[in-house]
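A.B. asks:
There are 2 protein chains.
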Amino acid sequence: MKAQIISIGNELLIGDTVNTNASWLGRFLTGLGFTVSQVYTISDELNQIKRILKRALEESDVVICTGGLGPTHDDITKKAVAELFGVGQKLDEQTLAYIKSLFKERNIPLSKSNYSQAEVPENAEVLFNKAGTAPGMWFKENGYLAVLPGVPYEMKYLMKKRVAGKLREAFGEIGYLHSHYIKTAGVGESTLSDEILGDLSEYFTNGVSMAYLPSPGGVTLRLNASGKTEEEARQRLKKLTSVIHQKAGDYIYGEGKDYSISEAVGQLLIERNWKISVAESCTGGLIANTFTDVAGSSDYFDGGIISYSNHVKVNQLGVSESDLESVGAVSKEVALQMAKGVAEKLETDIGISTTGIAGPGGGTKEKPVGTIWMGWYQKGGEHFAIKTMFTKDRLINKERTKMVLLETTRRMLKGIDTMPYDLKKQLP
Amino acid sequence: MKAQIISIGNELLIGDTVNTNASWLGRFLTGLGFTVSQVYTISDELNQIKRILKRALEESDVVICTGGLGPTHDDITKKAVAELFGVGQKLDEQTLAYIKSLFKERNIPLSKSNYSQAEVPENAEVLFNKAGTAPGMWFKENGYLAVLPGVPYEMKYLMKKRVAGKLREAFGEIGYLHSHYIKTAGVGESTLSDEILGDLSEYFTNGVSMAYLPSPGGVTLRLNASGKTEEEARQRLKKLTSVIHQKAGDYIYGEGKDYSISEAVGQLLIERNWKISVAESCTGGLIANTFTDVAGSSDYFDGGIISYSNHVKVNQLGVSESDLESVGAVSKEVALQMAKGVAEKLETDIGISTTGIAGPGGGTKEKPVGTIWMGWYQKGGEHFAIKTMFTKDRLINKERTKMVLLETTRRMLKGIDTMPYDLKKQLP
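Keeping their order, the protein sequence lines are chains A and B. Here my numbering = 1-based position in the first sequence + 551. Here my numbering = 1-based position in the second sequence + 551.
#1: Going along chain A in order, which residues have a C-beta closer than 9 Å to the C-beta of Ile627 of chain B?
#2: Taking only the alpha-carbon atoms, compute the straight-line gap between Thr771 of chain A and Ser793 of chain A and give it to the nearest angstrom.
#3: Excluding the 5 residues flanking Gly835 of chain B on each side, which residues of the same chain have their C-beta closer than 7 Å to its C-beta?
#4: Just the C-alpha distance for Asp900 of chain B and Gly907 of chain B, rounded to the nearest angstrom, thanks.
#5: Leaving out five residues before and five after Arg961 of chain A in sequence, what residues of the same chain have Cβ atoms less than 6 Å from its Cβ?
#6: Using a Cβ-Cβ distance cut-off of 7 Å, determine whether Gln977 of chain A contacts chain B.
#7: How is the alpha helix (DSSP H) around Ser849 of chain A delimited, first residue to last?
#8: Under a CB-based cut-off of 7 Å, is Gln640 of chain B close to chain A?
#9: State whether the region 806-815 of chain A contacts the region 873-889 of chain A, with contact taken as three or more CB pairs (one from each stretch) at a distance under 8 Å.
#10: With Met970 of chain A as the anchor, note down where its beta strand (DSSP E) starts and where it stops.
#11: Can you pull the chain A neighbours of Ala762 of chain B, defined as C-beta to C-beta under 9 Å?
#12: Check whether the Cβ atoms of Phe585 of chain A and Met552 of chain A sit closer than 7 Å, and answer yes or no.
#13: Closest by CA to Ala936 of chain A, which one among A:Ile947, A:Leu946, A:Val955, A:Asn948?
#14: In chain order, what residues of the region 682-697 of chain A put their CB closer than 8 Å to some CB of chain B?
#15: Given a cut-off of 7 Å on the beta-carbon distance, is the pair Leu819 of chain B and Leu791 of chain B in contact?
#16: Rounded C-beta distance between Lys953 of chain B and Thr841 of chain B? I'm assuming under 8 Å.
#17: Does Val587 of chain A come within less than 7 Å of chain B when only Cβ atoms are used?
#18: Assuming the contact rule is C-beta atoms closer than 8 Å, Ile747 of chain B and Ala799 of chain B should be a hit. Round their C-beta distance to whole Å, please.
#19: Distance check for Lys630 of chain B and Lys734 of chain A, CA to CA, integer angstroms please.
#20: Name the chain A residues whose beta carbon is nearer than 9 Å to that of Phe852 of chain B?
#21: What do you get for Arg787 of chain B, buried or exposed, if any count of 16 or more other CB atoms within 10 angstroms of its CB means buried?
#22: At 7 Å on the CB atoms, spell out the chain B contacts of Gly739 of chain A, in chain order.
#23: Would Trp689 of chain A and Lys655 of chain A be called neighbours here (beta carbons separated by less than 7 Å)?
#24: Per DSSP, what kind of secondary structure is Trp825 of chain A in: helix, strand or coil?
#25: If the cut is a Cβ gap below 9 Å, which residues of chain A does Glu656 of chain B touch?
#26: DSSP state of Glu724 of chain A, grouped into three classes?
#27: Under 8 Å by Cβ, that's how I've got Gly926 of chain A and Ala890 of chain A pegged, so tell me the actual separation to the nearest angstrom.
#28: Can you tell me whether Ile557 of chain B is helix, strand or coil according to DSSP?
#29: Determine the extent of the beta strand (DSSP E) in which Gly687 of chain A is found, giving its start and end residues.
#30: Does the Cβ of Met940 of chain B have 16 or more other Cβ atoms within 10 Å, making it buried, or fewer, making it exposed?
#31: Looking at the secondary structure, which residues open and close the beta strand (DSSP E) in which Gly926 of chain B lies?
#32: Which value, in whole angstroms, describes the spacing of the CA atoms of Trp575 of chain A and Thr592 of chain B?
#33: State buried or exposed for Phe679 of chain A, treating a residue as buried only when at least 16 other CB atoms are found within 10 Å of its CB.
#34: In chain order, what residues of the same chain lie with their CB nearer than 6 Å to the CB of Asp944 of chain B, ignoring the 5 residues before and after it?
#35: What in chain B is Cβ-close to Glu746 of chain A, meaning under 8 Å?
#36: Consult DSSP for Lys938 of chain A and reduce its assignment to one of helix, strand or coil.
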C-alpha cells in the first residue's frame with residue numbers, strides 16, 4: 552500500500568525548523584508495511600493545502616498530514632480540509648471539555664481561539680489527543696486521511712495510540728518492513744559495489760532491496776525486506792546477508808544501524824582482555840572521545856596523551872628531539888615513537904598514534920595539508936606506521952584519520968592482513 | 552520569485568536520513584529573496600523523478616534538486632533529467648580529469664562507475680564540484696534547474712560557489728536576508744527570555760524578527776532582517792543587537808552561527824599569550840577534540856592527558872592514591888589535583904579537568920549518574936572546583952560538562968565573577 556506525507560508549515564520551507572516529523576513518519580509507516588512514495592512540504596496557504604491534499608489522496612492509499620492546527624490565525628489546515636470535502640465545522644464536546652479542564656488546572660482563562668481548537672470538519676472522526684489541545688482527525692473519503700498536529704510528541708502520540716489502530720482497521724493485516732544494516736570500513740563505495748559485491752540483483756526478489764549509504768567514515772549497506780510478520784521479513788534477508796558476508800567479510804566491522812567502529816574494536820579488545828591507549832596529535836582528542844562515547848569503554852580504554860605541541864611529544868611520549876628536528880613531527884619515525892611511547896607510559900597492550908597536517912594551514916610542498924601518519928605498537932608484537940593523504944578540510948581529515956586508525960586496529964586484532972584502502976604498512 | 556526544492560532518496564522517505572538539506576536550502580533561497588513554495592521528497596524512481604521535475608518546473612521559477620548522483624545503480628537522477636529533456640549524456644572532461652587526479656593522489660584505481668560520475672546530460676552546464684566527485688549541473692529549460700549531489704557539504708559548496716552566481720545572472724537584483732547569531736552559555740532559555748532580555752517586541756519592526764534556539768550547549772539567538780542590499784538588512788539589526796548586548800553581555804560568548812565556545816576561549820588565551828592543557832576523565836577527549844577542531848588552536852592548546860583509568864590519574868597527573876581510596880575519583884580533591892597536575896606536567900598557564908559519572912552505569916546512592924566535578928588551576932592564580940548534577944544520558948552529560956567547563960574558563964579569563972547556571976566555586 553502506498554502512503555504519502557504532507558508537512559504543513561512556513562517554518563519548514565524557510566528552513567527555521569528541520570522536518571524531523573516526516574522522517575519519523577516515514578520510518579513508522581514503512582515499519583507497518585506501507586511504501587512511502589512522497590513527502591510534500593508546503594506552506595500554511597489555503598489553496599495549496601487543498602490542492603496537495605487532493606493530489607496526495609489520488610496518488611496513494613493513505614495520507615498523513617501534519618501541522619497548521621494551532622490556535623493562531625495562520626493555522627488553517629482544518630478550513631482547507633473542510634472546504635476540500637465541502638463540509639462545515641462542528642464542535643467536538645470531548646475535546647472542548649478537555650481543553651477547559653486543562654486551562655482550569657493552570658488557572659488561565661479560555662480565549663475564543665481556544666474554542667476553535669475544539670472544532671473539526673463535520674465528516675471528521677476525532678482522534679482524541681491526550682498529549683495536547685489540538686485533536687487529531689481521521690477521514691475516509693477517496694482514501695484515508697489522518698490530520699495531526701505538528702508538535703512532534705503530540706503527532707507521535709496520536710500515530711501510536713490512534714492512527715496505527717485505524718490503519719489496521721482499514722487495511723486489515725498490514726505487513727512489517729525489516730531493515731538490516733551492515734557496516735563496512737576501509738573501502739570506497741564504488742570498489743565495494745563494483746569489485747567486491749558485484750551484481751546482487753538475483754537476491755532482490757520478494758521485495759528485498761539494498762542501498763549503499765556512504766559517509767566520510769565508511770559505507771553502510773541497508774538491506775530491506777517486508778513480510779506478513781517481522782520474522783518473515785527478517786528471514787527474507789538471511790540469504791543476502793550471508794552472501795554479503797562471504798564476499799565482503801574482511802571489510803565488515805559490524806551490524807546494526809548505530810554500531811560504531813570503536814565498539815567493534817572494543818569488543819575485540821574485551822575478547823583478548825587487552826587495554827589500549829592513544830597518542831594523538833592531528834586528531835587532537837577525537838579518537839579518545841570516540842572510544843569513550845561507548846558505555847563500558849573503561850574496560851579496555853585506559854586513556855591517552857594529546858601531544859599537540861612538540862614539547863608534549865618529547866616530554867610525555869619520549870619522542871626523539873633529533874628526529875623532530877631532522878624529519879619533523881609529521882613523519883613515520885614520530886608516529887612509531889608516539890604509539891610505542893603511549894603504550895609504555897600508560898602500560899597498555901596496544902598504543903596507537905596520529906600525527907599530521909589537518910589544515911587548513913600548515914602545509915608545505917613536501918608535506919601538503921592532508922598528509923597524515925598513523926602508528927601502531929603492540930607489546931611483544933607488531934610495530935608499524937601508515938601514511939595517508941586526505942583532503943584540505945580539517946574536520947574531514949580528522950574523521951577519516953579516525954576511521955583508518957580504528958579500522959586498521961580492528962584488522963590487526965582480527966588477524967586480517969590487508970590494510971584499509973590498500974594502504975601499505977611501513978615497518979620501523 | 553518562486554523556488555521549489557526536490558530531495559531525492561529512498562533513505563529520506565523511509566526515515567533513515569533526516570532531510571536537513573531541504574531546510575538548509577530553504578534558508579539559503581529565502582535569504583536570496585526567493586519564496587520557497589514547496590519541497591518534494593521523492594524516491595530514486597525514474598518516472599517519479601521525471602514527473603516531479605516537470606511539475607516543479609511548471610510551478611516555480613527555479614528548482615533545486617539534490618540527491619541520486621552517486622556512482623551506484625540506485626542513483627538515477629541524471630538519467631531522469633536527460634530523459635525529461637530528451638537528450639543523451641556527454642562526458643565532462645574537467646570533472647573526469649579531477650576525479651582521476653583525486654584517485655591518483657590516494658592511490659586508488661578508477662572503476663567503471665567512477666567514469667559515469669563524470670557524465671552529464673548534453674544540455675547541462677557543468678557546475679564544477681571541487682568538494683567531491685559528482686559534478687553539479689545547471690539547466691535552462693522552461694525555467695531554471697540546478698541538480699546537485701545530496702552529500703550536504705558538496706551541496707552547500709555548490710550552492711554558495713556556483714548556484715548563487717547563476718541565480719543572480721538569471722534573476723538580476725535579488726534581495727538579501729541577513730541572519731545574525733548571538734551565542735550565549737550558562738543560562739537557560741526561560742531565564743534569558745523572561746528575566747534577562749524581557750519584552751523586545753518594540754524592536755520587531757521593518758521585518759526584524761528573533762528566535763531562541765536552545766541546545767544542550769547553550770542558547771543561540773537568531774536575529775533576521777531583509778533588505779534590498781545585504782548592508783541594508785544588516786543595518787536593520789544594529790539596534791536590537793546592541794540592546795541584547797547591553798542586557799545579556801556577560802552571558803554572550805560570541806557572534807556568528809558557527810562560532811564556538813572553544814574559539815572564544817582560544818581568543819582570550821591568544822590575547823594573554825597563555826597556553827592551556829586539559830586532564831579529562833569523564834569527558835574522555837571531548838574537550839581536547841573541541842579545542843583542536845578550531846584551526847590555529849596549536850597557538851594556545853598544548854595538549855592533554857586523558858586519564859580514564861585511576862592508574863593514569865596517579866602516574867601521569869600525580870593524583871593522590873590515598874584520596875582516590877578515601878573520597879574516590881569523582882571528587883573535589885581529584886578534580887583539583889588533575890587540573891594542577893596537567894598544568895604542571897605539560898607546563899601550561901592553565902589546566903582544566905573533568906571527573907564524573909557519565910553513565911548509564913556506574914552510579915551509586917551518594918554519587919548518582921550525572922555527578923560531575925570540574926577543576927581549574929591557573930599558575931600563580933585561581934585554583935577551584937565546581938560540582939554539577941546532569942542527566943542519565945552519557946552523551947548529553949559529556950556535552951553539558953564541556954559547556955560548563957569552557958564557559959567557566961571564559962568567564963575566568965574575562966574576569967566575570969558569576970558562574971554558569973549560578974553554580975558555586977569551591978576552593979581547595
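Even glycine gets a Cβ: it sits at the ideal position worked out from N, Cα and C.
C.D. replies: For this structure:
#1: Here the premise fails: no neighbours, minimum Cβ distance about 13 Å.
#2: 16 Å
#3: Ile857, Tyr859
#4: 24 Å
#5: When the five nearest sequence neighbours on each side are left out, the beta carbons in the same chain lying within less than 6 Å of the beta carbon of Arg961 of chain A are those of Tyr804, Ala815, Val816, in order along the chain.
#6: no
#7: That residue, Ser849 of chain A, is in no alpha helix (DSSP H); it is neither H nor E in DSSP.
#8: no
#9: no
#10: Taken as a continuous stretch (DSSP letters only), Met970 of chain A belongs to no beta strand (DSSP E), as it is neither H nor E.
#11: Asp567
#12: Cβ atoms of Phe585 of chain A and Met552 of chain A: closer than 7 Å.
#13: A:Val955
#14: So nothing in the stretch comes that close.
#15: No.
#16: 6 Å
#17: yes
#18: 5 Å
#19: Cα to Cα, Lys734 of chain A sits roughly 29 Å from Lys630 of chain B.
#20: Gly835, Ile857, Tyr859, Ser860
#21: buried
#22: Ile659
#23: no
#24: It is coil, neither helix nor strand.
#25: Gly921, Met940
#26: Coil.
#27: Contact holds; Cβ gap of about 4 Å.
#28: Ile557 of chain B: strand per DSSP, three-state reduction.
#29: In the DSSP assignment, Gly687 of chain A falls within the unbroken beta strand (DSSP E) covering 687-691.
#30: exposed
#31: 922-929
#32: 14 Å
#33: exposed
#34: none
#35: Ser662
#36: strand
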